[in-house]
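Going down the list, the sequences are from chains A and B.
So for the first sequence, the working numbering puts the first residue at 510; every next one is plus one.
So for the second sequence, the working numbering puts the first residue at 77; every next one is plus one.
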Amino acid sequence: MGHLTRETLARLVDRQPSPEEAGHLELCAVCAGELEALRRQTEALGDLPEIRPPVGDWQILEARLRSEGLIEVPGLLARWGLAHTPTWMRTAAAVLLFLGGTGVGAVVTRHAAGPNAGAGEMSQATFTSATSLDDAATNLRRAETSYVAALARYRQLLARADTGQTAEDPRSRYAALEYLVAASQAAIRQAPADPFFNGLLASTLAERDVTLRRISASGDNWF
Amino acid sequence: MTETQLIRQAASGDGHAVRALYERYAPRVYAVVRRIAGDDELAQDYAQEAWIRAIRALPTFRGEARFSTWLHRIAVNAALQALRKGETRRKHEGPFPDQVAEPPKGGDVLLQEKLERCLDRLPEGMRRVLILHDVEGYTHEEIGDVLGVTEGTSKSQLFKARARMRDMLEALSDDARDTGVEVWGT
């Protein structure tokens with residue numbers, strides 16, 4: 510009997526040999542060695558490791574799942590990167606934002622009486638003290654609304670200053686921005702890596718610098 | 077959180093729960109799909125399709141089988157159906173490409189790389205049966221179900237595939253002898 514074919518030996522990896530095949534394997538070291546090699550190959554295939562998907566695979570999948578409505582669109586907290594922030598930190602941040610927003614609103618409203626004072630008045634919305642996550646989220650939304658309104662008012666004042674329509678008090682604006690910077694910095698101390706607070710601080714600092722340059726250019730500087 | 081809770085939350089559209097399931101099972105899903113596809117680019121598409129199908133079907137998961145088994149079946153079917161649709165992989169024909177010099181690797185890692193390379197070069201029919209049987213542990217009956225072939229065909233393809241793999245590994249081991257790493261020399 511000649512050597513067993515590889516295909517036959519491949520069958521014998523997990524099948525019983527016929528008496529003739531068994532007899533040959535007892536006598537033929539080449540075929541016995543080949544069968545052993547095929548067994549090891551099969552074992553090694555069974556031990557092949559898992560394979561990690563390419564980097565960025567989850568982000569693509571997440572976008573697809575979202576576009577098909579299979580996962581929820583992240584809420585306000587998640588979009589602000591606050592979804593995993595501890596509750597006490599969220600509450601503290603909401604309070605700080607509230608203080609910042611109210612402070613800005615008070616300053617703006619005081620110095621912005623007249624037909625365009627509405628935006629400033631929005632900032633004086635009252636907030637209830639957050640006692641739950643939902644309350645804190647509501648406060649954050651309202652604080653954001655106040656902030657946006659205050660910012661709109663700043664831009665309004667800035668535009669009018671550009672066209673020389675009116676001479677608003679830049680020092681009051683600067684003071685309000687300083688207040689907002691301090692509130693943002695306090696919030697960042699509570700949540701240092703938070704993208705929303707860092708963005709808020711950056712934009713407030715930029716606004717403050719613009720205001721400072723205007724004060725400086727107008728010769729109305731007191732420093 | 078238990079897997080059952082994760083599954084329930086994922087079924088209700090909780091993105092964090094879906095992510096947690098993905099983190100847990102993505103390597104297993106990707107591995108089987110990659111080996112069936114025999115191509116990295118196709119594998120990513122197939123794996124994504126498998127996950128979309130699985131998340132879509134999550135509300136119907138009753139826990140009668142293990143979640144990993146259920147997911148694995150979905151992944152295998154997604155890859156096989158995509159291949160049937162004609163999304164063919166790049167052909168791996170001809171001799172093995174020259175190897176770029178790489179740092180020395182452990183025997184197991186080197187062997188696994190060789191096995192993966194040889195798997196990629198097997199003809200489609202043989203590769204699918206070999207992967208499902210020897211890598212994933214399917215029975216011939218199960219292979220017959222998912223591939224739509226008889227058990228006899230499955231067995232025949234398996235033995236041919238094992239023999240072909242052995243041929244290719246032996247060819248590779250000629251090179252390996254030069255570097256001192258052999259693949260089960262006879």
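We treat Cβ as the ideally placed atom computed from N, Cα and C, and that holds for glycine.
Every value quoted in this text rests on a predicted model; they were computed, and no experiment measured them.
Nearest-angstrom Cα separation, counted from residue j out to residue i
i               : j               : result
V108 of chain B : S693 of chain A : 50 Å
T215 of chain B : H209 of chain B : 6 Å
A645 of chain A : N707 of chain A : 19 Å
T514 of chain A : R129 of chain B : 43 Å
E543 of chain A : E530 of chain A : 13 Å
R193 of chain B : R524 of chain A : 27 Å
A715 of chain A : V690 of chain A : 10 Å
A155 of chain B : R132 of chain B : 17 Å
G213 of chain B : R651 of chain A : 57 Å
A658 of chain A : L574 of chain A : 35 Å
E200 of chain B : S88 of chain B  : 38 Å
Q81 of chain B  : G532 of chain A : 57 Å
S230 of chain B : A519 of chain A : 13 Å
Y683 of chain A : A700 of chain A : 25 Å
N625 of chain A : F705 of chain A : Annotation note: pLDDT 48 at N625 of chain A (below 50); position unreliable, no value reported.
A96 of chain B  : D121 of chain B : 20 Å
P526 of chain A : W127 of chain B : 43 Å
Q633 of chain A : E687 of chain A : Note on Q633 of chain A: pLDDT 43, under 50, position unreliable in the model; the coordinate value appears next. Q633 of chain A and E687 of chain A: Cα-Cα distance of roughly 18 Å.
G627 of chain A : G91 of chain B  : Note that G627 of chain A scores a pLDDT of 44, beneath 50, so its modelled location is shaky; the value from the coordinates is reported in the next line. Their backbone Cα atoms lie some 40 Å apart in a straight line.
A151 of chain B : F143 of chain B : 12 Å
E117 of chain B : L206 of chain B : 21 Å
I83 of chain B  : I219 of chain B : 27 Å
E577 of chain A : Q124 of chain B : 13 Å
S641 of chain A : R204 of chain B : 55 Å
R240 of chain B : E227 of chain B : 20 Å
R680 of chain A : T713 of chain A : 15 Å
L147 of chain B : S655 of chain A : 48 Å
Q157 of chain B : D115 of chain B : 15 Å
K190 of chain B : E246 of chain B : 10 Å
A572 of chain A : I724 of chain A : 47 Å
H512 of chain A : C537 of chain A : 8 Å
R717 of chain A : N648 of chain A : 25 Å
T551 of chain A : D196 of chain B : 16 Å
E581 of chain A : Q85 of chain B  : 11 Å
T720 of chain A : A695 of chain A : 22 Å
L710 of chain A : E99 of chain B  : 34 Å
L134 of chain B : R548 of chain A : 39 Å
L223 of chain B : G162 of chain B : 15 Å
D566 of chain A : V105 of chain B : 12 Å
E217 of chain B : D703 of chain A : 55 Å
L570 of chain A : D184 of chain B : 32 Å
A553 of chain A : A102 of chain B : 22 Å
E535 of chain A : S249 of chain B : 26 Å
C540 of chain A : K236 of chain B : 17 Å
T262 of chain B : A546 of chain A : Confidence in T262 of chain B is poor, its pLDDT being 47 and thus under 50, which makes the residue's placement too unreliable to answer from.
Contact set between residue i and chain A, taken where Cβ atoms lie within less than 8 Å
i               : result
I131 of chain B : L574, L579, I580
R104 of chain B : E559
Y98 of chain B  : W567, L570
D90 of chain B  : I580, E581
D210 of chain B : T551, L554, G555
Residue i: CB within 7 Å of a non-hydrogen atom of the ligand ZN
i               : result
S681 of chain A : With respect to the ligand ZN, the structure offers nothing, as it holds no ligand at all.
Contacts of residue i in chain B (Cβ-Cβ under 7 Å)
i               : result
L513 of chain A : Those do not exist, as L513 of chain A stays about 11 Å from chain B at its closest Cβ, beyond 7 Å.
A519 of chain A : F235, R238, A239
V522 of chain A : R238
E516 of chain A : F235, K236, A239
Partner residues on chain B for residue i, Cβ-Cβ distance less than 8 Å
i               : result
P526 of chain A : Going along chain B, no residue has its Cβ under 8 Å from P526 of chain A, so there is no contact; the nearest lies around 13 Å.
Neighbour list for residue i in chain A, Cβ cutoff strictly below 7 Å
i               : result
L245 of chain B : Q550
L191 of chain B : A553, L554, L557
V94 of chain B  : L574, I580
Chain E contact for residue i (CB, 8 Å cutoff)
i               : result
L534 of chain A : No chain E is part of this structure, whose protein chains are labelled A and B.
Interface residues of chain A facing residue i [CB-CB closer than 9 Å]
i               : result
Q188 of chain B : A553, D556, L557, P558
R242 of chain B : R515, L518, A519, E543, A546, L547, Q550
### Task
Report the residues of the segment 101 to 128 of chain B with a CB closer than 7 Å to any CB of chain A, ordered along the chain.
Only A102, P103, R104, Y106, A107, R110, Q120, A123, Q124, W127, I128 from the segment 101 to 128 of chain B bring a Cβ to less than 7 Å from some Cβ of chain A.
### Query
Which runs of the alpha helix (DSSP H) spanning at least 4 residues fall entirely within the segment 109 to 138 of chain B, listed in chain order?
The DSSP assignment places complete alpha helix (DSSP H) segments of no fewer than 4 residues inside the segment 109 to 138 of chain B at 116 to 133, in order along the chain.
### Task
Could you run through the segment 677 to 710 of chain A and flag, in chain order, every residue whose CB is less than 9 Å away from some CB of chain B?
For the segment 677 to 710 of chain A, the set of positions with a beta-carbon nearer than 9 Å to some beta-carbon of chain B is empty.
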